[in-house]
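Note sheet for the following structure.
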Amino acid sequence: MASSQDPGDPAYRRSLGGGLVLRWSTTADRAGCMMLSPLALQQQEGHESEFFVRLLEPLVDGAFYKGSSTDWALCVDTSPTQKPVESNNPESYVDKLRRSAESAPERVIAVVYCVPVEFAFEGDAVRVPVSNVQIVACKSTYRLAAGGPNIMDALFEMVKARARSTRCAFMVTNGLPQYYRTKGFEYALSMGRGLVTHVSALPPASPPTQCRYSLRRATPLDIPDLERLVLAPRATAEIFHAVGDTATMRAQLAWLLGQRPPAYSSPEDPVDPFFVLETRAAPEAPPRVVAAAFLRMYEPGSPRITVNPLLWDGAENASAVAQALVRELVQAVEALPTPDGSQTKVAVIRWSMVDAHPLRRWLLAHELAVPAPETSRYEHTSTWWVAIDSLPRFLEALLPALNRRLARAKGVLGANYTGILHIAAPRASGGGAVLRVADGLATVAPAIAGQAPAPNVSLPRVPLIQLMMGYAEWQELKALFPDVAIEPAVQPLVEILFPKRHLGSTMNL
């Protein structure tokens, strides 16, 4: 295949000198990508645990994320290979992968992994493609050497070019603010702090609640029900994040249920349990799945578990479901077999969920959980950073959602309202955009410097991204950022088109 000069093209290949080459991944890079990925989770290079390697290994399998084996922006070292470092446990899963990665003709030394996902806005009025940057890592020898930052800048340029070529409305990631801000990302979505259940502090159970529901391990036969639960909140969510196409979702659910290629299966690393909660309309009626929970086990027999995702059908009594689910989960986990035959005693359950999750308020109301401690506003697990590299493309993608907001505001705008927003934006956001409203519908066009109309909305990058994503209303942003300027005549229109929104999410994997 001939090389391409387009950084987003799968055939892109560029030399950085010294044997270093930029290119997109292939299936041959599986070991290199897997061994570098744990560094993104603060694992020490050369001491990666099998738990974290296996936790991240679905990202290189095309059955989990469609095309995932080719969605890694790589920097590889093509210089002659050196003798691999000797290992104390050469037959271990991790060391075999390490030897495979280090003996490759083109050794992966830096990665940025972006997976295509989908966001829905305004109760599924529109679904837009989004690029989710999930893994950013570089070997320390190269990161600390002269030119190390240039490697990462070049990789981010590749993923941004890929996002442009696939018409992504924006990009998202999470991690350290000091780093991602240098790549054009700003904090604009909150995944929520989540909740924590201390089992010893649970209030007494309510017998009528317990007997209405039963919990069991999910099987591949439950995939249609699980898919239904994943998508249930989308119809009412203000902003909703989940996996994209149906085939990918079913593949991910199958993977979580243990349907994996032999290379990804290990007796020493058992499949984490997925449970479904059932109820019956009558004793003789067939069971109906109303909720589900996937558990992340730190290790077999661990007293700590994490629930992600927590799914609910949106129809069953949410208060009763929350009460039944907590106690049933504790009993089910404590009944799981352990390698040494001892009984697991669950002490802590961490619920990874957004603040808008409908079951969250019921877990709190029944004193079944408390908010997780917050270390900072930019906590790694709850911070989502957004990059909008083309404001016109972003607004064009969201037009159906904007039109729905206009329709709800007819009582404020009137039937004959016309208006123009000329949003001045930084060059890094693709320049400004002109949004025209007439006959209850909006249209978008790129702004042309020096041409009418003159800008009447001006925001620096941070408040611009936060306003577009519904993280804050313009009045809040004006109080924080003096450079925010919105002419009084268009302030009501800005309030209608860009209100504060709450994020909903289920399959945040």
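Numbering (the working numbering), first residue to last: 2 to 510.
The beta-carbon is built from N, C-alpha and C at its ideal position, and this holds for glycine as well.
Here the structure is a predicted model, which is why all the values come from computation and not from measurement.
Practice prompt. Helix, strand or coil for MET298, going by three-state DSSP, please let me know.
Written response: DSSP, reduced to helix, strand and coil, places MET298 within a strand of the structure shown.
Worksheet entry | Beta-carbon proximity of PRO117 to THR183, cut-off 8 Å | Their beta carbons are not under 8 Å apart, which means PRO117 does not touch THR183 by this criterion.
Practice prompt. For TYR94, collect the residues of the same chain with a Cβ closer than 6 Å to its Cβ; drop the 5 residues on either side in sequence, then sort them by chain order.
Written response: Same-chain partners within the cutoff: GLU51.
Worksheet item: Hey, LEU230 and TRP363: beta-carbon distance below 8 Å or not?
Response: With respect to the 8 Å criterion, LEU230 and TRP363 are not classified as neighbours on the basis of their beta carbons.
Worksheet item: Excluding sequence positions up to five away, which residues of its chain have a Cβ less than 6 Å from the Cβ of ALA102?
Response: Cβ-Cβ distances below 6 Å link ALA102 to ALA32, GLY33 and MET36 in the same chain, with the five nearest sequence neighbours on each side left out; the list follows chain order.
Fill in: Stretch-stretch touch, CB-based, cutoff 8 Å, three pairs: the stretch 302-310 with the stretch 154-171
Contact between the stretch 302-310 and the stretch 154-171 is absent, because fewer than three Cβ pairs lie under 8 Å.
Worksheet entry | Selected residue, minimal CA-CA separation from ALA292, among GLU397, ASP226 and GLN253 | Proximity to ALA292 across GLU397, ASP226 and GLN253 peaks at ASP226, based on C-alpha coordinates.
Item to complete: Pull up the distance between the alpha-carbon of ALA323 and that of LEU360, whole angstroms please.
Response: Those two C-alpha atoms are separated by around 6 Å.
Worksheet item: By DSSP, does GLN135 sit in helix, in strand, or in coil?
Response: Strand, per DSSP.
Worksheet entry | Cα-Cα separation, GLY20 to GLU119 | When rounded, the distance between both Cα atoms is 37 Å.
Worksheet item: Is ILE466 helix, strand or coil by DSSP?
Response: Of the three classes helix, strand and coil, the one that applies to ILE466 here is helix, per DSSP.
Discussion item. For LEU436, list the residues DSSP reports as bridge partners.
Written reply: Its beta-bridge partners are LEU422 and VAL445.
Worksheet item: The alpha helix (DSSP H) spanning THR102 covers which residue range?
Response: Note on identity: in this sequence residue 102 is Ala, with Thr being the wrong assignment. ALA102 -> alpha helix (DSSP H) spans 94-103.
Worksheet item: Just how far apart, CA to CA, sit TYR418 and ILE487?
Response: Rounded to whole angstroms, TYR418 to ILE487 spans 19 Å at the Cα level.
Item to complete: Check the C-beta distance from SER26 over to SER70 and give it rounded, since I have them as a contact under 8 Å.
Response: SER26 to SER70, Cβ: 6 Å. Contact.
Discussion item. Counting C-beta neighbours from all protein chains within 10 Å, is the total for ALA146 16 or more, i.e. buried, or is it exposed?
Written reply: Looking at its Cβ environment, which holds fewer than 16 other Cβ atoms inside 10 Å, ALA146 is exposed.
Item to complete: Could you say which of GLY315, ARG328, LEU365 and VAL355 lies nearest to ALA348 if we only look at CA atoms?
Response: Closest by alpha carbon: ARG328.
Item to complete: Please state if the CB of LEU330 and the CB of LEU216 are separated by a distance shorter than 8 Å.
Response: Yes, the pair counts as a contact, with Cβ atoms nearer than the cut-off.
Practice prompt. Have a look at the DSSP bridge pairing and note the partners of TRP385.
Written response: DSSP lists LEU190 as the bridge partner or partners of TRP385.
Discussion item. Given this structure, state the Cα-to-Cα distance separating PRO59 from ASP72, to the nearest angstrom.
Written reply: One Cα belongs to PRO59, the other to ASP72, and the distance between them is close to 13 Å.
Practice prompt. Measure the beta-carbon distance from ARG143 to ALA111 and round it to whole angstroms, keeping in mind my assumption that it falls under 8 Å.
Written response: It should be noted that the sequence gives Tyr, not Arg, for residue 143. With 8 Å as the limit, TYR143 and ALA111 qualify as a contact, their Cβ atoms being about 6 Å apart.
Worksheet item: Can you list, in chain order, the residues of its chain whose CB lies under 7 Å from that of GLU49, leaving out five sequence neighbours each side?
Response: By the criterion of a C-beta distance shorter than 7 Å, GLU49 is surrounded in its chain by MET36, PRO39 and VAL95, once the five residues flanking it on both sides are discounted.
Practice prompt. With a threshold of 16 other CB atoms inside 10 Å of the CB of ARG281, please say whether the residue is buried or exposed.
Written response: Flag for ARG281 reads exposed.
Worksheet item: Anyone know if the C-beta pair for TYR423 and ALA450 falls short of 8 Å?
Response: Position check: residue 423 holds His in this sequence, whereas Tyr was assumed. No, Cβ-Cβ distance for HIS423 and ALA450 is not below 8 Å.
Item to complete: Determine the contact status of PRO393 and VAL458, defining contact as a CB-CB distance below 8 Å.
Response: Taking 8 Å as the Cβ cut-off, PRO393 and VAL458 do not qualify as a contacting pair.
Worksheet item: Does DSSP classify GLU46 as helix, strand or coil?
Response: Taken through DSSP and simplified to helix, strand or coil, GLU46 comes out as coil.
Worksheet entry | Cβ shell of ARG235 (< 6 Å), same chain only, five flanking positions each side left out | Leaving aside the five residues that flank ARG235 on each side, the residues in its chain whose CB is nearer than 6 Å to its CB run, in chain order, ALA121, ASP125 and PHE241.
Worksheet entry | Alpha-carbon to alpha-carbon, LEU254 and PRO338 | Looking at the two C-alpha atoms, the distance is approximately 23 Å.
Practice prompt. Please say whether VAL134 and CYS115 have beta carbons closer to each other than 8 Å?
Written response: In this structure, VAL134 lies closer than 8 Å to CYS115 by Cβ.
Worksheet item: Who pairs with PRO130 in a beta bridge, going by DSSP?
Response: For PRO130, the pairing in a beta bridge is given by DSSP as GLU119.
Item to complete: For VAL371, write down the residues that DSSP places opposite it in a beta bridge.
Response: VAL197, per the DSSP bridge assignment.
Worksheet item: If you draw a straight line from the C-alpha of PRO500 to the C-alpha of PRO461, how long is it?
Response: It is roughly 18 Å from the alpha-carbon of PRO500 to the alpha-carbon of PRO461.
Worksheet item: Taking Cβ positions, are ALA243 and ASP7 nearer each other than 8 Å?
Response: Against a cut-off of 8 Å, the Cβ pair of ASP7 and ALA243 comes out as no contact.
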